[in-house]
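First the structure, in the form of structure tokens, and then the observations on it.
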Amino acid sequence: MGKLTIGCFSSLVGSVSLDFGVKLAEAAVKKGHEVDFWVSSNATMLSKKGQKAFKDYSHLAKTLTELFATGKFKAVVCEACAEARGYHKDDTMEGWGRRSMDWYLASTFSADRVLLIGGD
Amino acid sequence: MATKKLAFIIRSLPYKTEASRLALTHAIASQTVEIYLEEGDNIEPVVCFIGDGVLNCLKSQQAMKHYGITSLEQHMKNSLLLDLKVMICKEDVDRFGLKEDHLIMDAEDVGGETKAQLVPYSEIQKVMEEVDHLQFF
Amino acid sequence: MKLGVFMSDFRGGSDVLNRLSAEKLGIILVGNGIYHATTKENGKSSPLLDKSANFYVLSEDLESRGFSSADVDSRVKPVTYSDVVDLIFNDYEKIIWI
Numbered sequence: 000m001g002k003l004t005i006g007c008f009s010s011l012v013g014s015v016s017l018d019f020g021v022k023l024a025e026a027a028v029k030k031g032h033e034v035d036f037w038v039s040s041n042a043t044m045l046s047k048k049g050q051k052a053f054k055d056y057s058h059l060a061k062t063l064t065e066l067f068a069t070g071k072f073k074a075v076v077c078e079a080c081a082e083a084r085g086y087h088k089d090d091t092m093e094g095w096g097r098r099s100m101d102w103y104l105a106s107t108f109s110a111d112r113v114l115l116i117g118g119d
Numbered sequence: 000m001a002t003k004k005l006a007f008i009i010r011s012l013p014y015k016t017e018a019s020r021l022a023l024t025h026a027i028a029s030q031t032v033e034i035y036l037e038e039g040d041n042i043e044p045v046v047c048f049i050g051d052g053v054l055n056c057l058k059s060q061q062a063m064k065h066y067g068i069t070s071l072e073q074h075m076k077n078s079l080l081l082d083l084k085v086m087i088c089k090e091d092v093d094r095f096g097l098k099e100d101h102l103i104m105d106a107e108d109v110g111g112e113t114k115a116q117l118v119p120y121s122e123i124q125k126v127m128e129e130v131d132h133l134q135f136f
Numbered sequence: 000m001k002l003g004v005f006m007s008d009f010r011g012g013s014d015v016l017n018r019l020s021a022e023k024l025g026i027i028l029v030g031n032g033i034y035h036a037t038t039k040e041n042g043k044s045s046p047l048l049d050k051s052a053n054f055y056v057l058s059e060d061l062e063s064r065g066f067s068s069a070d071v072d073s074r075v076k077p078v079t080y081s082d083v084v085d086l087i088f089n090d091y092e093k094i095i096w097i
């Protein structure tokens, strides 16, 4: 089994690229791989707690909760990107870490594969 | 003890999206990555500008004046100041009718010694082959 | 190198892709990239498919956009997320997103 590091910058709402990243993580974990998931830029909103499910918007919170429960999925949000968007540590969904960009680079060090999903 | 090489290939124009800025800020973050790694392990970033991405390298950007944010020029200079390897695709520079004089090739004004390299695309292709992981921005 | 490229766009990115060379190249069409596999313009298939590569298309993104496997160019193989994971770990050493 391997380790996949996924970095994503795309918006939670308005782009389905972030959905792709989460679904890929889910598929990799199901196959027994380990996944590190890094979000920065507009993707930080994925880690905000209290997201409501509406049928017009992507809703990935439930999948993330299930992924965290597997113990094979780690997710970290770029702290500066989150703060710049006005949401703070207390607003972060359970399971997420908040770090600076060097965490992502460190994750790539031990990764077998790295996929960086760029912005919108 | 090991060093992993990471390529940051920038193909996006500046400012409309955060892509090129994030490439540079993530590459610069390699300076503090050691706190998460075993002693002797490290990450070595290489930053390459290709396609429209070479337009990030133009001099005299005044983003601070007009948008109130750090310019890509400043981030490029910070990268050079920290001795990151920065390569700019010559064919794309030529395609836009630009000369080396138009580009940020050094960070001498902030005390940097490392220079950016204007190279043929084939050199950037070689980097892509050599690195451990590739990322396109 | 063995390079896997996620192509997520229909109109952009081909310039970058055309310059990439790899000993083994896989192009996985995802998001709006799936139109390369399904759509002809003025009767012609996407020029992207003329590139020497192994082509895949994500079935879920096909269906989301109103297509099925039957609509896919014969050069392109429909795959699931599970298949994509196997491609990433077994077939390609480096992977990028365009």
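Line order of the protein sequences matches chains A, B and C. By numbering that gives the first Met the number 0, the letter at position 53 of the first sequence is numbered 52, and the numbering carries on one by one without gaps. By numbering that gives the first Met the number 0, the letter at position 103 of the second sequence is numbered 102, and the numbering carries on one by one without gaps. By numbering that gives the first Met the number 0, the letter at position 55 of the third sequence is numbered 54, and the numbering carries on one by one without gaps. No residue lacks a Cβ here, since even glycine has one placed at the ideal position from N, Cα and C. Remember, predicted model here, so these are calculated numbers, not experimental data.
Using a Cβ-Cβ cut-off of 8 Å (strictly less than) and excluding sequence neighbours within five positions of residue i, which residues of its own chain qualify?
| i | result |
| --- | --- |
| C/Leu47 | Met6, Ser13, Leu16, Ile26, His35 |
| B/Met63 | Thr69, Ser70, Gln73 |
Counting only the same chain and skipping the five closest in sequence on each side, list residues whose C-beta sits under 6 Å from that of residue i.
| i | result |
| --- | --- |
| A/Val21 | Leu59, Thr62 |
| C/Ser45 | His35 |
| C/Ala21 | Met0, Leu2 |
| A/Leu114 | Ile5 |
Going along chain A in order, which residues have a C-beta closer than 9 Å to the C-beta of residue i?
| i | result |
| --- | --- |
| B/Ile34 | Asp101, Ala105 |
Can you name the residues of chain A whose CB is closer than 8 Å to the CB of residue i?
| i | result |
| --- | --- |
| C/Gly30 | Val15, Ser16, Phe19 |
Quick check on the burial criterion: 16 or more other C-beta atoms within 10 angstroms. Buried or exposed for residue i?
| i | result |
| --- | --- |
| A/Tyr103 | buried |
| B/Gly52 | buried |
| B/Asn77 | buried |
| C/Asn41 | exposed |
| B/Gln61 | exposed |
| A/His87 | exposed |
| B/Pro119 | exposed |
| B/Tyr66 | exposed |
| B/Arg10 | buried |
What in chain C is Cβ-close to residue i, meaning under 9 Å?
| i | result |
| --- | --- |
| B/Tyr120 | Arg18 |
Counting only Cβ pairs nearer than 8 Å, list the residues of chain B close to residue i.
| i | result |
| --- | --- |
| A/Gly1 | Chain B residues near A/Gly1: none, gap ~13 Å exceeds 8 Å. |
Using a cut-off of 7 Å between C-beta atoms, extract the partners of residue i located in chain C.
| i | result |
| --- | --- |
| B/His132 | Lys93 |
| A/Ala27 | Val84 |
| B/Glu128 | Met0 |
| A/Leu115 | Trp96 |
So if DSSP puts residue i in a beta bridge, which residue, or which two residues, is it bridged to?
| i | result |
| --- | --- |
| B/Met86 | B/Cys47, B/Gln116 |
| A/Phe72 | A/Val34 |
| C/Val40 | Here the sequence assigns Glu to residue 40 of chain C, which means Val is not the residue at that position. Answer is C/Lys43. |
| A/Leu45 | DSSP, once it has assigned bridges, lists no residue as partnering A/Leu45. |
| C/Lys76 | C/Tyr55 |
| B/Gly134 | The sequence shown places Gln at residue 134 of chain B, rather than the Gly named in the question. DSSP lists B/Phe7 as partners of B/Gln134. |
| A/Asp111 | DSSP lists no partner for A/Asp111. |
| C/Phe5 | C/Ile27, C/Trp96 |
| A/Leu3 | A/Val34, A/Arg112 |
Going along the chain, which residues of its own chain have a beta-carbon closer than 7 Å to the beta-carbon of residue i, five neighbours each way excluded?
| i | result |
| --- | --- |
| A/Thr69 | Val28 |
| A/Asp18 | Ser57, Leu59 |
| B/Ala28 | none |
What does residue i reach in chain A if we use C-beta pairs closer than 7 Å?
| i | result |
| --- | --- |
| B/His74 | Those do not exist, as B/His74 stays about 13 Å from chain A at its closest Cβ, beyond 7 Å. |
Residue i touches chain B at which residues, Cβ-Cβ below 9 Å?
| i | result |
| --- | --- |
| A/Phe36 | Neighbours of A/Phe36 on chain B: none; closest Cβ ~15 Å, over 9 Å. |
For this session: Mind checking the region 85-96 of chain C against chain A and listing, in chain order, the residues whose C-beta falls within less than 7 Å of any C-beta there?
Result: Ile87, Phe88, Ile94, Trp96
Problem set entry | Near-chain B residues of the region 0-19 of chain C - C-beta to any C-beta below 7 Å | Met0, Asp14, Val15, Arg18
Problem set entry | Within 7 Å of chain A by C-beta, residues of the region 64-80 of chain C in sequence order | Tyr80
Problem set entry | Interface residues of the region 43-75 of chain A facing chain C [CB-CB below 7 Å] | none
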